[in-house]
Amino acid sequence: MDDITVVEKQLKRTTASDFRVVFRCDKNFPAVIRNKELTRDGRPFPTPFWLTCPALKKDIAKIEAAGGLESFQIKLEENDAAREELLDRERRIRQNRVNHNGLSADVGLTGNREPLRLKCLHAHTADFLAGEQNPIGRLVMKEITWPNDCQICDR
Numbered sequence: 003m004d005d006i007t008v009v010e011k012q013l014k015r016t017t018a019s020d021f022r023v024v025f026r027c028d029k030n031f032p033a034v035i036r037n038k039e040l041t042r043d044g045r046p047f048p049t050p051f052w053l054t055c056p057a058l059k060k061d062i063a064k065i066e067a068a069g070g071l072e073s074f075q076i077k078l079e080e081n082d083a084a085r086e087e088l089l090d091r092e093r094r095i096r097q098n099r100v101n102h103n104g105l106s107a108d109v110g111l112t113g114n115r116e117p118l119r120l121k122c123l124h125a126h127t128a129d130f131l132a133g134e135q136n137p138i139g140r141l142v143m144k145e146i147t148w149p150n151d152c153q154i155c156d157r
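In our numbering, the protein residues as written are 3 to 157.
This is the structure:
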């Protein structure tokens, strides 16, 4: 299958914007995509990277459901280096939005106006897996064991 078919199968919907795959699982299926800054109908896309891997999405949802957002928010507040790293990443994302199609710099990684208020661990993890310096995504991945012998995308 081609990447578009796989990603739409993973997401269980059509994609809203054009994209390219930036991270693949060990079976070579897309796991993270980079979205265009604008959707196909011209609206700003809320986040640069999107996690498509169903197994990782499920694992991260479990972390969030168990209070992970609050837990990681506390870790961020207690760690000056992580806060500075995340602020730097947010600045780069916001500048990139301005540089592309003159989009607003009001929102950052998760479409959030407050750069240090965590909203979505999936977006932070996608950002990290795409190769960005994201302290939250890095911490999330330390709590997850990459799905061994996952067969979700094989079907």
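Beta carbons are placed, not taken as given, at the ideal position from N, Cα and C, and that holds for glycine. The model shown is predicted, which means the values in this text are computed figures rather than measured ones.
Cβ neighbours of residue i in the same chain (closer than 8 Å, five flanking residues each side left out)
| i | result |
| --- | --- |
| ILE6 | THR17 |
| ARG42 | ALA18, SER19 and ASP20 |
Beta-carbon gap between residue i and residue j smaller than 8 Å
| i | j | result |
| --- | --- | --- |
| VAL34 | PHE51 | yes |
| GLY69 | LEU123 | no |
| VAL8 | ILE65 | no |
| THR127 | GLY113 | no |
| LEU78 | LEU13 | no |
| ILE154 | PRO56 | yes |
| ALA107 | PHE25 | no |
Where residue i falls: helix, strand or coil (DSSP)
| i | result |
| --- | --- |
| PHE31 | coil |
| ARG26 | strand |
| LYS14 | coil |
| THR1 | With the chain covering only 3 through 157, there is no way to say anything about residue 1. |
| GLY158 | The shown model of the chain, from 3 to 157, leaves out residue 158, and the question about it has no answer. |
Other residues of its chain near residue i: CB distance less than 7 Å, five sequence neighbours each side excluded
| i | result |
| --- | --- |
| LEU40 | SER19, PRO46, PHE47 and ASN103 |
| LYS59 | LEU53 and HIS124 |
| ARG36 | PHE21, ARG22, VAL24, PRO50, PHE51 and ALA132 |
Close-in-space but distant-in-sequence residues of the same chain around residue i (CB under 6 Å, 5 per side omitted)
| i | result |
| --- | --- |
| ASN136 | ARG91, HIS126, ASP129 and PHE130 |
| GLN75 | LEU120 |
| LEU88 | PRO137 |
Bridge partners - residue i, DSSP secondary structure assignment
| i | result |
| --- | --- |
| LEU40 | PRO46 |
| PHE21 | ASN37 |
C-beta neighbour in chain C for residue i, strict 8 Å
| i | result |
| --- | --- |
| ASN30 | In the structure shown, chain C cannot be found, because there is only a single protein chain. |
Distance cut-off 7 Å: residue i Cβ against heavy atoms of the ligand NAP
| i | result |
| --- | --- |
| ARG91 | As far as ligands go, the structure on display features none, and thus does not contain the ligand NAP. |
**OP:** Starting from the N-terminal side, write out each stretch of the alpha helix (DSSP H) that is 4 residues or longer and does not extend beyond the stretch 47 to 128.
**Re:** 56 to 67, 70 to 80 and 82 to 101
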